[in-house]
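**Q** These protein sequences, in sequence, are chains A and B. Be aware that the first sequence starts at 1, since it is given in UniProt numbering, and climbs by one per residue. Be aware that the second sequence starts at 1, since it is given in UniProt numbering, and climbs by one per residue. Mind having a look at this structure? Questions to follow.
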Amino acid sequence: MQSTSQKLAEETEQAAVQVSLREWGMSGKQGNVFSGIDLDVPAGAVAIIKGPAGTGKTSLLLSIAGRMRVDTGEGQVGEFDIRKQARRAREEVSVGHIDGLTDLEDDFTLAQHIAERLIMLQPWYKPWVSKSSLREVIDVIRDTFDSATEVIDRLPEGQFSATDARHADFLIDEEGRAFVSELSELQKFLLELGLASLAQAPVVVLDNIDFLRDRGDRARAWAAILIYQELRRQREPERPLTVIASCEDSSEVDLVLEALHTEVSPTSVSELPLTQHPRH
Amino acid sequence: MFSLPWLELSRFKRHTITRLAIIVVAVIPAIYGGLYLASNWAPTDNLDQLKAAVVNTDEGAERPKSDGEELHAGDELVDQITPEGEGGFDWQETSAKEAEDGLAEGEYFAVLEIPSNFSERLVSTGGNDPDQAGLNLRTDDAHNFIVGQVAGTILNEIKSSLNATTTAEYVSEVYLGFNDIHSSTEQAVDGASQLNDGAVDLHDGTGELSDGAHTLDEGVGTLQTGIGDLDDGAGELVTGSGDLKTGADTLATGTTEAKNGAKKLSTGAGQVADGTSQLRDTADEATDKAEDLRDRADDLVEGARPKLDRAEEDFDSAHETVTGDMDERVAQLREDYPDDPNVAKLAEDMDNLGGDLDEAHGRASNAADEAKDLEDPVKDAVDDVMGKIKQADQKIGTLDDGAQKVSTGADDLHSGLIELDTGAGDLADGAGDLHDGTIKLKDGTEQAKTGVADLKDGSSQLADGSDELDKGAKKLVDGSGELADKLAEGLKQIPTYDKSDRENRSDVVAMPVDAEKVKDNAVDAYGEGLAAFFVSLALWIGGMITYMVINAIPYRALMSSAKSTRIAWAGYVPGILFGVAQVAVLYGVLSFALDFSVGSWVWTLLFSILVAASFHSVHQLCVAALGGVGRLIALVLLMVQIASAGGTYPVETAPGIFQIISPFLPMTHAVEGLRALIAGGDMFIAAQSAVVLLLMTAICLVATVLVCGRKRTVTLTQLHPSLSL
């Protein structure tokens with residue numbers, strides 16, 4: 001595997017390091033899951049953890065998110081030590097998609113999903129969310145899709161199209177009455193990303209984008225991630241979104257970056273290859 | 001408006017099957033509790049559905065004090081119980097054989113046997129040889145155990161009914177005796193008042209006795225003091241007589257010594273007297289000799305004077321001779337022999353001799369002079385000596401007279417001292433005897449002291465005893481007075497009865513006690529009594545079912561930034577909503593399908609909801625913490641609680657282990673509170689149970705929150721399906 005850092009966007013300023021790992025390692029009963037990971041992800045950057053199945057991508061993402069304990073190394077998310085201040089570190093990282101852990105409820109409507117997550121994020125003394133405030137949130141998401149569509153519209157013909165935006169748009173109806181089971185895989189993926197983004201955390205982790213079987217969907221997913229990151233940067237320049245995602249094959253990223261390079265400007269895009277540890 | 005519990009429930013809204021699931025969850029406790037309670041609602045009310053046999057072998061008997069009137073109690077009993085709905089069971093009169101077979105086959109649940117001597121024994125109560133009449137009830141536990149217990153109750157009812165009839169007859173006889181008792185009691189009243197008079201006299205006497213005893217006691221006290229003093233005095237007397245004895249002994253010794261000394265003195269004085277007699281004789285001789293001596297001295301003086309004169313004259317002549325004749329011869333010689341040295345020398349010596357003769361002559365003259373001078377003094381001195389010797393002679397005479405007197409006095413003294421010594425010896429003996437006597441006296445006074453102390457104890461006891469006797473006599477007075485009064489009162493109360501009065505009263509006395517049971521907070525039916533237990537069981541099962549259908553916690557939320565408390569709450573509230581529904585349906589079924597009533601519907605429902613809330617929190621905790629294993633644990637808890645909640649029999653009747661764990665299980669408190677509320681009992685018990693349940697709910701919720709917190713981090717094992725290492 002070739003080396004790590006491949007900068008495609010121009011570095012405008014020296015961005016602060018949002019996630020930093022040193023000698024990060026975890027072992028299980030059958031040996032090391034991963035070990036000796038050194039990683040620095042600047043704020044507003046995209047970090048891609050790449051490797052074949054079984055190389056510990058999910059565990060690494062979970063450990064960065066503070067949802068899984070490692071055995072060695074030091075890690076920081078923002079100003080918090082992941083191992084020593086796990087609870088604070090968890091609040092800094094939203095989990096966008098991890099198979100089996102963030103699975104959506106098929107029998108929920110979109111609105112119910114969003115409402116559930118909103119209530120969960122509210123303080124304890126407010127255990128409900130009114131339809132109007134839910135409506136506002138849905139409007140914000142819709143605006144985001146509209147803005148994304150605008151971004152796509154600005155692209156030259158043949159790159160991304162409004163069809164792609166429609167594929168990705170999980171807000172099938174205005175009220176969000178559609179059930180999750182009616183959504184496509186891509187829409188579910190983006191719904192998960194959308195739910196994760198409600199917490200407004202500075203870091204979001206997304207696992208295994210390859211579960212989207214269609215190559216076009218993967219490209220649309222990457223595009224949506226990058227565009228959302230860009231929109232977030234425009235809305236809150238001080239708190240850019242840092243994305244850490246894992247996949248087996250990153251070729252779609254390169255395609256999307258190439259297509260979108262005029263519209264998106266992540267601080268950096270880096271890849272961290274993981275290889276299978278020998279079994280003990 | 002969206003809220004978490006509603007969102008959780010809305011998962012079930014989409015499909016018919018899931019909506020049905022909700023209904024099933026809400027209804028299952030009602031089905032469970034309702035079915036069981038319905039089948040056991042009032043089993044004892046339907047005993048007339050059970051067939052029972054009565055076998056009558058009674059032969060009847062003649063009533064006492066009647067003219068051939070016969071009693072057929074067996075027949076009467078059969079007539080009494082066989083009509084439908086009268087005797088508990090459906091009684092049928094059969095032969096012994098039929099009854100035996102029927103019981104064995106299970107056709108009859110009980111067989112009542114009336115023995116042949118039943119009536120005979122019943123009438124015997126009024127006779128001289130009363131005997132209890134017996135009935136015999138048989139059941140067969142091989143067919144039904146409970147019926148055996150119930151049959152016992154029925155038999156009891158029959159028995160008391162028979163007792164009432166029989167006793168009435170007997171008691172009627174008893175009333176006849178009251179008149180006799182009345183007159184006898186009158187006599188007793190008289191006797192009691194006489195007894196009272198006697199007791200008053202006795203009391204006076206004991207009062208005096210008590211005073212006397214106290215005076216005696218005081219006197220003995222004084223005597224005790226006196227004896228003490230006497231003993232002290234005797235002690236001092238012993239000491240004094242001891243001293244006296246010692247002194248007398250010393251005196252005796254002293255007089256003996258004095259006696260011996262006086263003897264010596266007497267002897268000495270005799271010798272002195274003898275001596276002075278001799279001295280007197282000798283002095284007389286000496287005086288005579290002194291007279292001689294004076295005469296001689298006078299003679300000496302007279303004789304000496306002429307001799308001296310002659311010596312002087314001799315000397316003068318010698319001197320003149322020497323100096324005249326000799327000098328001439330010498331001078332001649334010298335002239336003859338001028339140069340001879342011897343002649344010179346003789347001349348010289350002749351000169352010296354002349355000188356010496358002159359000198360001797362001088363001296364002789366002086367001595368004659370001096371002798372003359374001495375003559376008078378010697379005479380005077382001799383006269384003086386003579387005077388003194390005569391004086392001495394006189395004094396010696398006086399001394400001798402005195403010595404003679406001393407000798408006589410010493411003899412007298414000696415004989416006096418002999419007598420004194422004898423007396424002192426007697427005195428010493430007497431003092432010894434006196435000392436021995438006082439020691440004996442001291443022993444005697446000590447014994448007297450002890451004796452008096454005993455006497456004092458005795459007299460004190462006598463005083464106390466006489467006081468108590470006096471008190472007792474007082475009580476006797478009071479008691480006998482009371483006896484007399486009460487007897488008099490009692491006499492007034494001893495009634496006399498005429499015939500009709502007697503019969504009426506006999507009936508009442510035969511059944512003096514209303515044997516009706518009065519139960520506080522009685523429940524209407526057996527099933528209602530069991531309801532507290534089965535409602536609790538139903539709600540526990542409801543909780544198990546609830547968390548089989550809904551998620552214990554929204555697992556998806558664990559990955560979000562939501563707080564653990566929020567997540568636990570989000571899982572709990574849908575459960576409790578199901579609980580409320582379960583409570584509502586359960587009580588709906590109970591109150592409409594069965595004749596179920598409670599003391600207070602509001603409190604019962606609220607408490608039941610609390611019970612459901614508490615049970616659901618346990619189930620949520622079990623499932624959230626352990627998943628499928630948690631459901632199994634909930635099932636085990638159910639079994640444990642059935643055994644230890646005291647739902648049927650009180651838990652105190654169960655083995656110790658159940659009593660120990662009982663207070664720590666929520667169902668115990670649920671049953672306790674529900675029981676009080678359903679029967680309408682003590683609200684305090686219900687409130688207590690409610691507090692415990694609230695506490696348990698809170699503990700479970702906190703534990704669930706902690707479980708949620710732990711589940712925020714994933715382990716490799718949990719992730720394993722997506723990770724093929």
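Where is the CB? At the ideal position from N, CA and C, for every residue including glycine. Owing to the predicted nature of the structure, the values given are computational and were not obtained by experimental measurement.
1) Let me confirm a value: E10 of chain A is counted as buried when at least 16 other C-beta atoms fall within 10 Å, else exposed. Which label applies?
2) Are the CB atoms of E185 of chain A and D139 of chain A nearer to each other than 9 Å?
3) Between residue 798 of chain B and V636 of chain B, what straight-line distance do the alpha-carbon atoms span, to the nearest angstrom?
4) Using the rule of at least 16 other Cβ atoms within 10 Å of the residue's Cβ for burial, across every protein chain shown, is S459 of chain B buried or exposed?
5) Would you kindly work out how many angstroms separate the C-alpha atoms of E93 of chain B and D45 of chain B, rounded to a whole number?
6) Is any beta-carbon of chain A found at less than 9 Å from that of F12 of chain B?
7) How long is the line joining the alpha carbons of D101 of chain B and N156 of chain B, rounded to whole angstroms?
8) Quick one, are the C-beta atoms of A634 of chain B and T668 of chain B less than 9 Å apart?
9) Name the one or two DSSP bridge partners that D40 of chain A has.
10) Can you tell which of B:E186, B:V549, B:L353 and B:T604 has its C-alpha closest to the C-alpha of L487 of chain B?
11) Straight-line CA distance for T287 of chain B to L346 of chain B?
12) Taking Cβ positions only, does T668 of chain B come closer than 9 Å to chain A?
13) Run through DSSP, which three-state label would N136 of chain B get?
14) Could you tell me whether the Cβ of L719 of chain B comes closer than 9 Å to any Cβ of chain A?
15) Using only the alpha-carbon positions, how far apart do T215 of chain B and D457 of chain B sit?
16) Just grab the DSSP bridge partners of M639 of chain B for me.
17) By DSSP, does residue 729 of chain B sit in helix, in strand, or in coil?
18) Would you call the CB atoms of D168 of chain B and V509 of chain B closer than 9 Å?
19) Which residues in the same chain have their Cβ closer than 6 Å to the Cβ of A269 of chain B, if we skip the five residues on either side of it in sequence?
20) Using a Cβ-Cβ distance under 9 Å, would Y555 of chain B count as near chain A?
21) Using only the alpha-carbon positions, how far apart do V97 of chain B and D90 of chain B sit?
22) Of the choices B:Q688, B:L50 and B:S564, whose alpha-carbon is the least far from that of I146 of chain B?
23) In chain order, what residues of the same chain lie with their CB nearer than 6 Å to the CB of L191 of chain A, ignoring the 5 residues before and after it?
24) Considering only residues of the same chain and omitting the five flanking positions on each side of V33 of chain A, which have a CB-CB separation below 7 Å?
25) Cα-Cα, which of B:V671, B:T713, B:D682 and B:R712 is closest to residue 729 of chain B?
26) Whole beta strand (DSSP E) runs in the region 63 to 105 of chain B with 3 or more residues, listed along the chain?
27) Does the beta carbon of F578 of chain B sit closer than 9 Å to a beta carbon anywhere in chain A?
28) By DSSP, does Q85 of chain A sit in helix, in strand, or in coil?
29) What in chain A is Cβ-close to V714 of chain B, meaning under 8 Å?
30) What does a CB cutoff of less than 8 Å around A38 of chain B pick up in its chain, not counting 5 residues either side in sequence?
31) Of all the CB atoms in chain A, is at least one closer than 9 Å to the CB of W569 of chain B?
32) Have a look at G51 of chain A and V77 of chain A and give me their C-alpha separation to the nearest angstrom.
33) Quick one: which residues of the region 698 to 712 of chain B get their C-beta closer than 9 Å to a C-beta of chain A? List them in chain order.
34) Tell me whether L171 of chain A sits in a helix, a strand or coil according to DSSP, three-state version.
35) For G647 of chain B, does the three-state DSSP call read helix, strand or coil?
36) At the level of alpha carbons, what is the spacing between S560 of chain B and D520 of chain B?
**A** The short version:
1) Counted from its first residue, the first sequence places residue 10 of chain A at position 10. For E10 of chain A, the predicted model reports a pLDDT of 44, less than 50, meaning its position is unreliable; a value from the coordinates is still stated below. Flag for E10 of chain A reads exposed.
2) Start at 1 with the first residue of the first sequence, and residue 185 of chain A comes out as number 185. Start at 1 with the first residue of the first sequence, and residue 139 of chain A comes out as number 139. Not closer than 9 Å, so no.
3) No statement about residue 798 of chain B is possible, as the shown extent of chain B runs from 1 to 725 and does not include it.
4) Your numbering for residue 459 of chain B matches position 459 in the second sequence. Label assigned to S459 of chain B: buried.
5) Here residue 93 of chain B refers to the residue found at position 93 when the second sequence is read from its first residue. Here residue 45 of chain B refers to the residue found at position 45 when the second sequence is read from its first residue. Those two C-alpha atoms are separated by around 22 Å.
6) The residue given as residue 12 of chain B occupies position 12 in the second sequence. Yes, contact with chain A.
7) To locate residue 101 of chain B, count along the second sequence from 1; it is residue 101. To locate residue 156 of chain B, count along the second sequence from 1; it is residue 156. If you take the alpha carbons of D101 of chain B and N156 of chain B, they lie about 25 Å apart.
8) Within the second sequence, residue 634 of chain B is the residue found at index 634, counting from 1. Within the second sequence, residue 668 of chain B is the residue found at index 668, counting from 1. No, they are not a contact pair.
9) As a position in the first sequence, residue 40 of chain A is number 40, starting the count at 1. Paired residues: A:S20.
10) As a first step, residue 487 of chain B is located in the second sequence; it is residue number 487 there, counting from the start. Of the candidates B:E186, B:V549, B:L353 and B:T604, the one whose C-alpha sits nearest the C-alpha of L487 of chain B is B:E186.
11) Your numbering for residue 287 of chain B matches position 287 in the second sequence. Your numbering for residue 346 of chain B matches position 346 in the second sequence. Each residue's alpha carbon lies about 58 Å from the other.
12) Counting from one through the second sequence, the residue named residue 668 of chain B turns up at place 668. For T668 of chain B, the answer is no, since every Cβ of chain A falls outside 9 Å of its Cβ.
13) Taking the second sequence and counting its residues from 1, one reaches residue 136 of chain B at position 136. N136 of chain B falls in the strand class under three-state DSSP.
14) Along the second sequence, one-based indexing puts residue 719 of chain B at 719. Cβ-Cβ to chain A under 9 Å: yes for L719 of chain B.
15) By 1-based counting over the second sequence, the position of residue 215 of chain B is 215. By 1-based counting over the second sequence, the position of residue 457 of chain B is 457. About 14 Å.
16) In the second sequence, the residue the question calls residue 639 of chain B occupies position 639. Per DSSP, none; premise fails for M639 of chain B.
17) The first residue shown for chain B is 1 and the last is 725, placing residue 729 of chain B beyond what the model contains.
18) Here residue 168 of chain B is taken as the residue at index 168 of the second sequence, counted from 1. Here residue 509 of chain B is taken as the residue at index 509 of the second sequence, counted from 1. Strictly speaking, residue 168 of chain B in this sequence is Ala, with Asp absent from that position. For the 9 Å CB-CB criterion, A168 of chain B and V509 of chain B form a contact.
19) Residue numbering aside, residue 269 of chain B sits at position 269 when the second sequence is read from its first letter. For A269 of chain B, same chain residues with a beta-carbon under 6 Å away, outside a window of 5 residues either side, are V406, S407 and A410 in chain order.
20) One-based indexing of the second sequence puts residue 555 of chain B at position 555. Yes, contact with chain A.
21) Working through the second sequence from its first residue, we reach residue 97 of chain B at position 97. Working through the second sequence from its first residue, we reach residue 90 of chain B at position 90. Contrary to the premise, residue 97 of chain B reads as Lys rather than Val in this sequence. Cα-Cα distance, rounded: 18 Å.
22) To locate residue 146 of chain B, count along the second sequence from 1; it is residue 146. I146 of chain B has its Cα closest to that of B:L50, out of B:Q688, B:L50 and B:S564.
23) Taking the first residue of the first sequence as position 1, residue 191 of chain A is located at position 191. Once the five neighbours on either side are set aside, the close Cβ partners of L191 of chain A are F170.
24) Within the first sequence, numbered from 1, the residue matching residue 33 of chain A stands at position 33. Once the five neighbours on either side are set aside, the close Cβ partners of V33 of chain A are M26, S27, G56 and S59.
25) In this structure chain B extends from 1 to 725, so residue 729 of chain B is not present and cannot be described.
26) 90 to 93
27) The residue given as residue 578 of chain B occupies position 578 in the second sequence. Closer than 9 Å: no.
28) Within the first sequence, residue 85 of chain A is the residue found at index 85, counting from 1. If DSSP states are grouped into helix, strand and coil, Q85 of chain A belongs with coil.
29) One-based indexing of the second sequence puts residue 714 of chain B at position 714. Here the neighbours are L62, R67, M68 and L101.
30) Start at 1 with the first residue of the second sequence, and residue 38 of chain B comes out as number 38. Result list for A38 of chain B: G527, A593 and L594, in chain order.
31) Taking the second sequence and counting its residues from 1, one reaches residue 569 of chain B at position 569. W569 of chain B counts as touching chain A.
32) Counting from one through the first sequence, the residue named residue 51 of chain A turns up at place 51. Counting from one through the first sequence, the residue named residue 77 of chain A turns up at place 77. About 23 Å.
33) G709 and R712
34) Here residue 171 of chain A refers to the residue found at position 171 when the first sequence is read from its first residue. L171 of chain A: coil per DSSP, three-state reduction.
35) Here residue 647 of chain B refers to the residue found at position 647 when the second sequence is read from its first residue. Coil at G647 of chain B, not helix or strand.
36) The residue labelled residue 560 of chain B in the question sits at position 560 within the second sequence. The residue labelled residue 520 of chain B in the question sits at position 520 within the second sequence. Their Cα atoms are separated by approximately 56 Å.
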